[in-house]
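Worksheet: one structure, shown below.
There are 2 protein chains.
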Amino acid sequence: MEERLASLFHALADPNRLRMIELLRKQEWTVGMMANQLGISQPQTSKHLRILYDAGLVTVTIDANRRRYALKSQALKPLDAWRTYMARETERLDRLETFLAESQREENGS
Amino acid sequence: MEERLASLFHALADPNRLRMIELLRKQEWTVGMMANQLGISQPQTSKHLRILYDAGLVTVTIDANRRRYALKSQALKPLDAWRTYMARETERLDRLETFLAESQREENGS
DNA sequence: TTCGAATATTCCCAATTAGGAATATTCCGA
DNA sequence: TCGGAATATTCCTAATTGGGAATATTCGAA
Numbered sequence: 001m002e003e004r005l006a007s008l009f010h011a012l013a014d015p016n017r018l019r020m021i022e023l024l025r026k027q028e029w030t031v032g033m034m035a036n037q038l039g040i041s042q043p044q045t046s047k048h049l050r051i052l053y054d055a056g057l058v059t060v061t062i063d064a065n066r067r068r069y070a071l072k073s074q075a076l077k078p079l080d081a082w083r084t085y086m087a088r089e090t091e092r093l094d095r096l097e098t099f100l101a102e103s104q105r106e107e108n109g110s
Numbered sequence: 001m002e003e004r005l006a007s008l009f010h011a012l013a014d015p016n017r018l019r020m021i022e023l024l025r026k027q028e029w030t031v032g033m034m035a036n037q038l039g040i041s042q043p044q045t046s047k048h049l050r051i052l053y054d055a056g057l058v059t060v061t062i063d064a065n066r067r068r069y070a071l072k073s074q075a076l077k078p079l080d081a082w083r084t085y086m087a088r089e090t091e092r093l094d095r096l097e098t099f100l101a102e103s104q105r106e107e108n109g110s
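So the protein sequences, as listed, match chains R and C.
UniProt numbering numbers the first residue of the first sequence as 1 and each following residue consecutively.
UniProt numbering numbers the first residue of the second sequence as 1 and each following residue consecutively.
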């Protein structure tokens, strides 16, 4: 159902977690590296990573003393699928919005 | 910053609100109609719509005794922009994931 | 074996909110 | 003008969680 998608959105619904995912976009990161880069505490970094992990958004590789976190970018695919699904029926609405916006602009005589 | 995007994700991070948005995809809905369709209470429907409204995802038209809610589909555009931004650098990772998945499949001798 | 670095977990507090119940508000029709 | 329909808001409770502080755990190096 929509539960899965809602969980995914929930995991993304935090500025720090978004920044984390954007960092992970290019390379793997260690907890300490991320905490330092983001300017947040190590425990908070671990907690946010835990939430991303539970949401299936990252993978973790245990490497001796440290953990390397990597983005599991395929986990974002449901988001794209939903947007495609949504866009299919909103095109008509989009055109209406554009039309109304342009009418408004003409009214204002801009 | 990422605050805006996080707020958007937050508004979408609820199964009932996702169902609401999917209903609004095709047409306007009245609070009572939505509550009835979704099988949730009227107050809860109003509260969820309020959250969607605060997130800029819906517009409301007061029509005598009732309010007609409509999707403001342009509000979902930042989501697409973020995906595009993310995809730009994750392509390499995607190819790696695909490669690893296929290697795994071969190992299993499927 | 001991120490320190890296990380996860727990405890605490404050804020948010989903959901139910009750109530307030607005407006139309009789 | 009054009653009922439609909607929003408030009060309550339980659950979640972000963030800080402290602590537990694990592991490599000396």
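Beta carbons: idealized from backbone N, C-alpha and C, even for Gly.
Just so it is clear, the structure is predicted and the values come from calculations on it, not from any experiment.
* To do: Taking HIS10/R as the query, report the chain C residues whose CB atoms sit under 7 Å from its CB, ordered along the chain.
  => ALA13
* With respect to the beta strand (DSSP E) encompassing ARG50/C, which residues constitute its N-terminal and C-terminal limits? -> No beta strand (DSSP E) contains ARG50/C, which is instead part of the alpha helix (DSSP H) from 42-54.
* Asked: Under 8 Å, do LEU52/C and VAL31/C count as touching if we go by C-beta distance?
  -> no
* Asked: For chain C, is any of its Cβ atoms less than 8 Å away from the one on MET1/R?
  -> yes
* Asked: Identify the residues that DSSP records as bridge partners of VAL60/R: which are they?
  -> TYR69/R
* Asked: What are the boundary residues of the alpha helix (DSSP H) that includes GLU3/C?
  -> 2-12
* Any C-beta of chain R sitting closer than 8 Å to the C-beta of ASP80/C? -> yes
* Which first and last residues belong to the alpha helix (DSSP H) in which GLY32/R is found? -> 31-38
* Asked: Any contact of the region 6-13 of chain C with the region 9-22 of chain R, i.e. 3+ C-beta pairs under 8 Å?
  -> yes
* Give, in chain order, every residue of the region 34-53 of chain R whose Cβ lies closer than 8 Å to some Cβ of chain C. => none
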